[in-house]
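Novice: Protein chains in written order, with our numbering: chain A, 4 to 296; chain B, 683 to 779. Just so you know, even glycine gets a beta-carbon here, dropped at the ideal spot from N, CA and C. Owing to the predicted nature of the structure, the values given are computational and were not obtained by experimental measurement. Before I ask anything, here is the structure I am working with.
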């Protein structure tokens, strides 16, 4: 295998594995035939074309099947990630509930919404009780902090209604999918990385207010929402918009719960979430000829 | 997509031949990358505008020949008519001037 072929094969990693197995050799053959003699590295435009082609193929594969159940499953996944991310910094204080939350996310990722239902109910009731300062199910010392003497606290900026909404939305979505009874596809393991802001919150925006927002969290939210817009635009499919709106609803309740401490900058943060979420839904609507677009 | 359908009006072609024909008929103005071409081919195949006519194995690698369907012929003709009508709006105006 020449260096050029090796590099082209590396670029083909942008495509889904099944597609690479079926058509990877065919693409490599054309790429090698089209390359100038003596060339050792891919042309920049060919490399960009492969990356975009791979991304488009992934998106179109992901857009197969009925949109609303998949969008609902994706929305439940995002909420399960957010719920785990909220508990993760406090794992030392509440290891059992953090583990159950991680198990919930695992079940959701595997598309097993039936076992996720009791887990969501259990962790949701406990999380809401902690947010409300009510002892329930087991004894924990409230406020729960990430380390002894630390000024932070679990659900310090989210009231019980916001916590309950997030879990209730995830539960309701899972219930609808479970009642429907059709098998769901497994979601990517990359979702585990989305809890990273819980491990590294980074600098904090609006630190002078009672509702500070972590920069890494906001960057992740915005990044994922922009990916949703790109995917919705490429596939003209509403599933990403639906998932984005589910998350936006939960985030809106959380922000609105801090209404006494909100500033214009908080409103701007909400707009940063709302604009791409609405765009993801709007760009999936296309009335042009579906073939030659 | 339009040029892919256009070059396939003459008969089934494999990916590399489609690329070369597009460059020829557009005298080099349009040069799709391999990634772009295959994204188009997959999409048009999924929508029933193209079908895989046959597969040939060359140097141990499978090569697919794509053929335009009747639906594809109708679509590309309609698009050509639409573009011709749009072009006439400008060209007739220039001819009268």
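Using 10 angstroms around the beta-carbon of residue 229 (chain A), count the other beta-carbons present and answer buried if the total reaches 16, otherwise exposed.
Specialist: exposed
Novice: Any beta carbon of chain B sitting closer than 8 angstroms to that of residue 37 (chain A)?
Specialist: yes
Novice: For the segment 734 to 748 of chain B, which residues have a beta carbon sitting closer than 7 angstroms to at least one beta carbon of chain A?
Specialist: 743, 744, 745 and 746
Novice: Considering only residues of the segment 20 to 85 of chain A, which uninterrupted alpha helix (DSSP H) runs meet the minimum length of 4 residues and lie entirely inside it, listed in chain order?
Specialist: 20 to 37 and 47 to 65
Novice: Does residue 33 (chain A) have its Cβ less than 8 angstroms from a Cβ in chain B?
Specialist: yes
Novice: Should residue 5 (chain A) be flagged as near chain B, meaning a C-beta pair shorter than 8 angstroms?
Specialist: no
Novice: Which residues, taken in chain order from the segment 755 to 774 of chain B, show a beta carbon closer than 7 angstroms to some beta carbon of chain A?
Specialist: 757 and 761
Novice: To the nearest angstrom, how far is the alpha carbon of residue 751 (chain B) from that of residue 715 (chain B)?
Specialist: 24 angstroms
Novice: At a Cβ threshold of 8 angstroms, is residue 205 (chain A) touching chain B?
Specialist: With 8 angstroms as the cut-off, residue 205 (chain A) does not count as an interface residue toward chain B.
Novice: In terms of residues, what are the limits of the alpha helix (DSSP H) holding residue 18 (chain A)?
Specialist: Per DSSP, residue 18 (chain A) belongs to no alpha helix (DSSP H) and is neither H nor E.
Novice: Using a C-beta cutoff of 8 angstroms, does residue 695 (chain B) count as contacting chain A?
Specialist: no
Novice: So, under 8 angstroms CB-CB, residue 1 (chain A) and residue 132 (chain A) are touching, yes? Tell me the CB distance rounded to an integer number of Å.
Specialist: The question about residue 1 (chain A) has no answer here: the residues shown for chain A are numbered 4 through 296.
Novice: Roughly how many angstroms separate the alpha carbons of residue 246 (chain A) and residue 235 (chain A), rounded to a whole number?
Specialist: 11 angstroms
Novice: Three or more C-beta pairs under 8 angstroms: does that hold for the segment 14 to 30 of chain A against the segment 45 to 58 of chain A?
Specialist: yes
Novice: Tell me residue 739 (chain B)'s beta-bridge partners as DSSP assigns them.
Specialist: Residue 739 (chain B) is bridged by DSSP to B:744.
Novice: Pick helix, strand or coil for residue 749 (chain B), following the three-state DSSP scheme.
Specialist: Three-state result, residue 749 (chain B): strand.
Novice: Only counting the same chain, and skipping five residues up and downstream in sequence, which positions put a Cβ closer than 6 angstroms to that of residue 187 (chain A)?
Specialist: 76 and 114
Novice: Taking the CB atoms as reference points, tell me whether residue 63 (chain A) and residue 238 (chain A) lie closer together than 8 angstroms.
Specialist: yes
Novice: Check whether chain B comes within 8 angstroms of residue 63 (chain A), counting only Cβ atoms and requiring the distance to be less than that.
Specialist: Using a CB distance cut-off of 8 angstroms, residue 63 (chain A) counts as an interface residue toward chain B.
Novice: Ordered along the chain, which non-local residues of its own chain (more than five positions away) have a Cβ less than 7 angstroms from that of residue 152 (chain A)?
Specialist: Bear in mind that a pLDDT of 49 at residue 152 (chain A), under 50, signals an unreliable position, so the model cannot answer this.
Novice: Once you ignore the five residues that flank residue 749 (chain B) on each side, which residues in its own chain have a CB closer than 8 angstroms to its CB?
Specialist: So the list reads 690, 693, 694, 732, 733, 734 and 735, once near-sequence residues are dropped.
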